[in-house]
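Novice: Residue numbers (the working numbering): 38 to 724. No residue lacks a Cβ here, since even glycine has one placed at the ideal position from N, Cα and C. All values reported here derive from a predicted model rather than from experimental measurement. Submitted below is the structure of interest, expressed as structure tokens.
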Ligand code: GAL
């Protein structure tokens, strides 16, 4: 993915649907395709679990079934995203070659019957996968209906841990290449601790069964890096093949977004665009923790969409929720309420999706997903979801130019994969990170100040880290800091940016070892202060700080700071470190660093945004209650304003200037009442 407008492969905003010809009699196909088209669905995605239809026996290839289906597709003038079916190996394959299977930590293999039970590293599975990708690419690549390719399905979904023999062996090779010698590996993994010193490479494994499931944290960090490498390399294996066969203008993608995976690298090296599978109904699942409502329920899918936009500024939704969640053994959830399908579709488009494909055309009548509802129920009659789809179709047709328009954001949230994966392995890190990520999202959402996610060590992101583009960057808990990262952050500050960092910053190196300099380690001079003392804060222990005439809670974790070149903006109160600095400001070059000795609550996030002078891009256009999400997309002097009401009651917004309503085409201004789950899209010229 290297072109200028990263990921912009769709010229017009458009809709599609996931279809499984292998689940339905041929007599259904023509009628299904015709009804899809009538209802505005112009693209289908097919084939991702249908390996046995192409290769019923080892090496016996047949295209008969899908060729026949493609004739119907051509007849209906339907566009097709074809998939490689490697997420579900055939029974003959796993029977004959069990080394292709993934296993658990104890070495028990996952068996046929579910999906994603294969491993990325078995040479045999890679051979079979390459061959099926080659056969499908060659056969269907030239087909006029095919517009794109999906590799596999949801790499790293179901599990992102791999413990087959092939994985342990590949991990060893990965480490040999990385460290060159056992001495260096022993050093990097800190094996003097608990007598883990390795004297032979054959002693080295990925994590295995241990007491309390405790794993050497440095080994675990390398292991996650290795899983990511394996997934990217498996994707690359297939993309290189499809690249040979795709027609000019056709695209290669895969659907995410899953952990233990450098999605940016995968997109940059293997894909033309990225797609995301969006299922906001999970927020209302019967087993959902009631505490989760504090993270804004379905509205928090905007966090994942922000992350998808970070991978590919223009992306697609390969699977957009249309009916209720549910497998036969888990994930029960209520049906989306009338309006929520439109709401979730608009949420995706608001964040940068140029293509939205629903999951699935008709609810499956067989297998594990009989309760994962599609647009149609089993009986195929028109229903309220199809009626809602028609309203979506009509609106989309009036705003199709939005494709390629950029999401407008006001500040940046910094991440790095090493840190993300360190937090996976380290509960101290994870707890502060999870808290701040949730709260920064909520604070920004509720105050209507949109942000982008920028990754360190992703070149295109580091280039974008300029004060002109992002006046404020928040890097909540950059625990691992490298020299390169320090330099990137320092350059940004010296050029005039405001960098805000939180507790636990800079106390580890790239292997996850704690550093011996005072915290924040490499960022000490940048931060203008150090940490003198630190502690977890139990929920019943209230610590706080006074800043800008307000009192802010300082929950979860406190770093007690000491100024060294910076100046104290606020002090702690409420504990033995009351009166000691909680927030420092350090002027450096033309910019400054704000160093917070805590996590980011939503109130504090809003205060930091205000203090840094970050302004809402919506303020001249609309006034909205905090319950409504706002978003802008902009292209060639045109601006689309999205107003999304996630609540079960109506909400009123005030348009501050006349704008064209995308549904009616009428110019409107002043008060507008959005019904429960209601959404509006307005078009306006200029900024
Ligand atoms: C996705 C997956 C689909 C389907 C859906 C509902 O994760 O890609 O194939 O399984 O969830 O479970």
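Do you know offhand how far residue 424's Cα is from residue 379's?
Specialist: Start at 1 with the first residue of the chain shown, and residue 424 comes out as number 387. Start at 1 with the first residue of the chain shown, and residue 379 comes out as number 342. Answer to the nearest angstrom: the Cα atoms are 11 Å apart.
Novice: Would you mind reading off the limits of the beta strand (DSSP E) that contains residue 682?
Specialist: Counting from 1 along the chain shown, the entry for residue 682 is found at position 645. Unbroken beta strand (DSSP E) run through residue 682: 675-682.
Novice: Measuring only from the beta carbon, is residue 59 closer than 6 Å to any heavy atom that is part of the ligand GAL?
Specialist: Position 22 of the chain shown, counted from the start, is the residue given in the question as residue 59. Not under cutoff, so the answer is no.
Novice: Who are the Cβ neighbours of residue 183 in its own chain at under 7 Å, not counting the five residues just before and after it?
Specialist: Here residue 183 is taken as the residue at index 146 of the chain shown, counted from 1. Taken in chain order, the residues that qualify are 117, 119, 177, 287.
Novice: With residue 185 as the anchor, note down where its alpha helix (DSSP H) starts and where it stops.
Specialist: On the chain shown, position 148 is the one that residue 185 refers to. Where residue 185 is concerned, there is no enclosing alpha helix (DSSP H), although the beta strand (DSSP E) it sits in stretches over 183-187.
Novice: Here's the rule I'm using: 16 or more other beta-carbon atoms within 10 Å means buried, otherwise exposed. How should residue 573 be labelled?
Specialist: In the chain shown, the residue the question calls residue 573 occupies position 536. Its Cβ having fewer than 16 others within 10 Å, residue 573 is exposed.
Novice: Please report how far the alpha carbon of residue 515 lies from the alpha carbon of residue 153, in whole angstroms.
Specialist: As a position in the chain shown, residue 515 is number 478, starting the count at 1. As a position in the chain shown, residue 153 is number 116, starting the count at 1. Their backbone Cα atoms lie some 33 Å apart in a straight line.
Novice: Any chance the CB of residue 314 is under 6 Å from a heavy atom of the ligand GAL?
Specialist: Position 277 of the chain shown, counted from the first residue, corresponds to residue 314. Because some heavy atom of the ligand GAL lies under 6 Å away, the Cβ of residue 314 counts as near it: yes.
Novice: Tell me which same chain residues have a C-beta within less than 6 Å of the C-beta of residue 100, skipping the five on either side of it?
Specialist: Your numbering for residue 100 matches position 63 in the chain shown. Result list for residue 100: 176, in chain order.
Novice: With distance defined between alpha-carbon atoms, name the residue in 318, 270, 203, 660 nearest to residue 135.
Specialist: The sequence position of residue 135 within the chain shown is 98, counting from 1. Residue 135 has its Cα closest to that of 203, out of 318, 270, 203, 660.
Novice: Does DSSP put residue 317 in a helix, a strand or coil?
Specialist: The residue given as residue 317 occupies position 280 in the chain shown. In this structure, residue 317 counts as helix in the three-state DSSP scheme.
Novice: Count the other C-beta atoms from every protein chain shown that fall within 10 angstroms of the C-beta of residue 133, then say buried if there are 16 or more, exposed otherwise.
Specialist: Indexing the chain shown from 1 puts residue 133 at position 96. Looking at its Cβ environment, which holds fewer than 16 other Cβ atoms inside 10 Å, residue 133 is exposed.
Novice: Determine the direct distance from the alpha carbon of residue 583 to that of residue 565, and round the result to whole angstroms.
Specialist: For the purposes of this step, residue 565 is taken as residue 528 along the chain shown, with counting starting at 1. For the purposes of this step, residue 583 is taken as residue 546 along the chain shown, with counting starting at 1. The straight-line gap from Cα to Cα measures roughly 20 Å.
Novice: By the DSSP assignment, the beta strand (DSSP E) with residue 588 in it spans what residues?
Specialist: If you number the chain shown from 1, residue 588 lands on position 551. From DSSP, the beta strand (DSSP E) with residue 588 extends over 587-590.
Novice: Just to check, is the beta-carbon of residue 365 closer than 6 Å to a non-hydrogen atom of the ligand GAL?
Specialist: On the chain shown, position 328 is the one that residue 365 refers to. Residue 365: no, Cβ never under 6 Å from the ligand GAL.
Novice: Give a single yes or no on whether residue 409 has its beta carbon closer than 6 Å to a heavy atom of the ligand GAL.
Specialist: Walking along the chain shown from the start, residue 409 turns up at place 372. Yes, the Cβ of residue 409 comes within 6 Å of a heavy atom of the ligand GAL.
Novice: Based on Cα-Cα distance, which residue from 81, 280, 65 lies nearest to residue 397?
Specialist: Numbered from its first residue, the chain shown carries residue 397 at position 360. It is 81 whose Cα lies nearest to the Cα of residue 397.
Novice: Say yes only if the C-beta of residue 725 is nearer than 6 Å to one or more non-hydrogen atoms of the ligand GAL, and no if none qualify.
Specialist: One cannot answer for residue 725 here, as it falls past the ends of the chain, which runs 38 to 724.
Novice: Would you check if the distance between the CB atom of residue 295 and the CB atom of residue 194 is smaller than 7 Å?
Specialist: Within the chain shown, the letter at position 258 stands for residue 295. Within the chain shown, the letter at position 157 stands for residue 194. In contact: residue 295 and residue 194 (Cβ atoms closer than 7 Å).
Novice: Okay, do the region 553-569 and the region 483-497 touch, 3+ Cβ pairs below 8 Å being the bar?
Specialist: Counting Cβ pairs under 8 Å, fewer than three are found: no touch.
Novice: Name, in chain order, the residues that DSSP records as bridge partners for residue 570.
Specialist: Walking along the chain shown from the start, residue 570 turns up at place 533. Beta-bridge pairing links residue 570 to 597.
Novice: Can you give me the C-alpha to C-alpha distance between residue 659 and residue 208, rounded to a whole angstrom?
Specialist: Within the chain shown, the letter at position 622 stands for residue 659. Within the chain shown, the letter at position 171 stands for residue 208. Going by the C-alpha atoms only, they are around 54 Å apart.
Novice: To the nearest angstrom, how far is it from the Cα of residue 630 to the Cα of residue 538?
Specialist: Start at 1 with the first residue of the chain shown, and residue 630 comes out as number 593. Start at 1 with the first residue of the chain shown, and residue 538 comes out as number 501. Roughly 8 Å between the two C-alpha positions.
Novice: Flag this pair as touching only if the region 434-442 and the region 478-485 have three or more C-beta atom pairs under 8 Å; answer yes or no.
Specialist: They do not touch, by the three-pair rule.
Novice: To the nearest angstrom, report how far apart residue 180 and residue 345 are at their CA atoms.
Specialist: Taking the first residue of the chain shown as position 1, residue 180 is located at position 143. Taking the first residue of the chain shown as position 1, residue 345 is located at position 308. The alpha-carbon atoms of residue 180 and residue 345 are separated by roughly 29 Å.
Novice: Is it a yes or a no for the region 582-602 touching the region 494-505, going by three-plus beta-carbon pairs under 8 Å?
Specialist: Taking 8 Å as the limit for Cβ pairs, the verdict is that the region 494-505 does not touch the region 582-602.
Novice: Return helix, strand or coil for residue 300, following the three-state DSSP convention.
Specialist: In the chain shown, the residue the question calls residue 300 occupies position 263. Three-state DSSP puts residue 300 in a helix.
Novice: Considering residue 16, what are the terminal residues of the beta strand (DSSP E) in which it resides?
Specialist: Past the edges of the chain, shown from 38 to 724, lies residue 16, and the structure says nothing about it.
Novice: Could you pull the DSSP bridge partners for residue 783 from this structure?
Specialist: For the chain, the structure presents residues 38 to 724; residue 783 sits outside this window and is missing.
Novice: With a 10 Å radius around its C-beta and 16 neighbouring C-beta atoms as the bar for buried, classify residue 374 as buried or exposed.
Specialist: Numbered from its first residue, the chain shown carries residue 374 at position 337. It counts as exposed.
Novice: Taking C-alpha atoms, which residue in 167, 360, 502, 605 lies nearest to residue 272?
Specialist: For this step, residue 272 is matched to residue 235 along the chain shown. It is 167 whose Cα lies nearest to the Cα of residue 272.
Novice: Classify residue 75 as buried or exposed, calling it buried when 16 or more other Cβ atoms lie within 10 Å of its own Cβ.
Specialist: As a first step, residue 75 must be located in the chain shown, where it is residue number 38. It is exposed - the Cβ of residue 75 has fewer than 16 other Cβ atoms within 10 Å.
Novice: If residue 518 and residue 558 are in contact, beta carbons under 8 Å, what's the gap, nearest whole angstrom?
Specialist: Counting from one through the chain shown, the residue named residue 518 turns up at place 481. Counting from one through the chain shown, the residue named residue 558 turns up at place 521. Residue 518 to residue 558, Cβ: 6 Å. Contact.
Novice: Rounded C-beta distance between residue 319 and residue 370? I'm assuming under 8 Å.
Specialist: Here residue 319 refers to the residue found at position 282 when the chain shown is read from its first residue. Here residue 370 refers to the residue found at position 333 when the chain shown is read from its first residue. Right, their Cβ atoms sit about 7 Å apart.
Novice: Starting from residue 49, follow the alpha helix (DSSP H) in both directions and report where the run begins and ends.
Specialist: As a first step, residue 49 must be located in the chain shown, where it is residue number 12. Here residue 49 belongs to no alpha helix (DSSP H), and DSSP marks it neither H nor E.
Novice: Report the partner residues of residue 488 according to the DSSP bridge assignment.
Specialist: The sequence position of residue 488 within the chain shown is 451, counting from 1. Answer is 448, bridged to residue 488.
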